[in-house]
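With this note's numbering as the guide, the letters of the sequence shown map in order to residues 141 to 327. For every residue, glycine included, the Cβ atom is placed at its ideal position computed from N, Cα and C. These numbers come from a predicted model, not from an experiment. Down below is the structure, laid out as structure tokens.
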Amino acid sequence: MQDEDIIKLYFARSERAITETSGKYGGYCNSIALNILHDREDSEEVVNDSYLKVWNTVPPTRPQSLKAYLGRIVRNLALNAYEKLNSAKRGRSEVRLVLDELAEVIPSGDSTEQYLERKILEQLLDYFLGTLDDSTRRIFVRRYWYMSSIKEIAHSYKLSESAVKMKLKRTRGKLREYLIREGFGDE
141 MQDEDIIKLY
151 FARSERAITE
161 TSGKYGGYCN
171 SIALNILHDR
181 EDSEEVVNDS
191 YLKVWNTVPP
201 TRPQSLKAYL
211 GRIVRNLALN
221 AYEKLNSAKR
231 GRSEVRLVLD
241 ELAEVIPSGD
251 STEQYLERKI
261 LEQLLDYFLG
271 TLDDSTRRIF
281 VRRYWYMSSI
291 KEIAHSYKLS
301 ESAVKMKLKR
311 TRGKLREYLI
321 REGFGDE
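Right, here's the structure in full:
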């Protein structure tokens, strides 16, 4: 079933919308949640919560891309669950490593951060990603959006782990320079 047809089911308030969403994007959603939480039960709970959130937000929202909309919801709920589950113990999990790597480049998103600044930063990141070659962009997104491990990325792209690490380091460096030029980040 096409995304537009699934969205029409949401607007018609048909419970079949959730079944179709799960059938089409269940694996995608579970992959995102599992990469962040590393626990099948917690991941399934996040994915189910995501379906409920989509149910409650569509309508009125009409996403242009159901996959991207759903992916963002799953990712955000999984990150929230991760923070809740790990607030007492701060281990060096893959999520923590990824967030630490990006924290060196992107200004913090603390409570004083203005909505407008976040929107501008989002636009700058979108533009920056558009300047990267396809392979570099895919690797960067796999690491920092889907939170895949270096090992998983290396295996997927048939690269050595050190090649992936170097590519990510160089890309973060370019991102840092770009953000500084645009008035974000520290020199």
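Item: Run of the alpha helix (DSSP H) containing residue 215, from where it starts to where it stops; Value: 206–226
Item: Inter-residue CB distance, residue 198 and residue 217 (contact presumed, cutoff 8 Å); Value: Residue 198 to residue 217, Cβ: 16 Å. No contact.
Item: Euclidean distance between Cα positions of residue 251 and residue 258; Value: Unreliable positioning characterises residue 251 in this predicted model, as indicated by a pLDDT of 43, which lies under 50. A coordinate reading is not provided.
Item: Limits of the alpha helix (DSSP H) - the one that residue 168 falls within; Value: 156–177
Item: Residue 272 versus residue 182 - alpha carbon distance; Value: 34 Å
Item: 7 Å Cβ shell around residue 190 - same chain, five flanking residues per side excluded; Value: 169, 210, 213, 214 and 217
Item: Separation of residue 290 from residue 310, as counted between CA atoms; Value: 15 Å
Item: Best match in 321, 294, 320 and 143 for proximity to residue 308 [C-alpha to C-alpha]; Value: 294
Item: Within 8 Å, strictly: CB atoms of residue 203 and residue 147; Value: yes
Item: As assigned by DSSP and simplified to three states, the class of residue 240; Value: helix
Item: Whole-number beta carbon distance between residue 143 and residue 206, since they are thought to touch under 8 Å; Value: 4 Å
Item: Helix, strand or coil at residue 324 according to DSSP, with G and I counted as helix; Value: coil
Item: Cβ distance (whole Å) where residue 219 is taken to contact residue 176 below 8 Å; Value: 6 Å
Item: Between the CA atoms of residue 280 and residue 318 - distance to the nearest angstrom; Value: 15 Å
Item: Residue closest to residue 160, alpha-carbon to alpha-carbon, out of 263, 296 and 141; Value: 141
Item: Coil, strand or helix - residue 273 by DSSP; Value: coil
Item: For residue 263, three-class secondary structure by DSSP; Value: helix
Item: Residue 197, DSSP secondary structure in three states; Value: helix
Item: Separation of residue 237 from residue 261, as counted between CA atoms; Value: 21 Å
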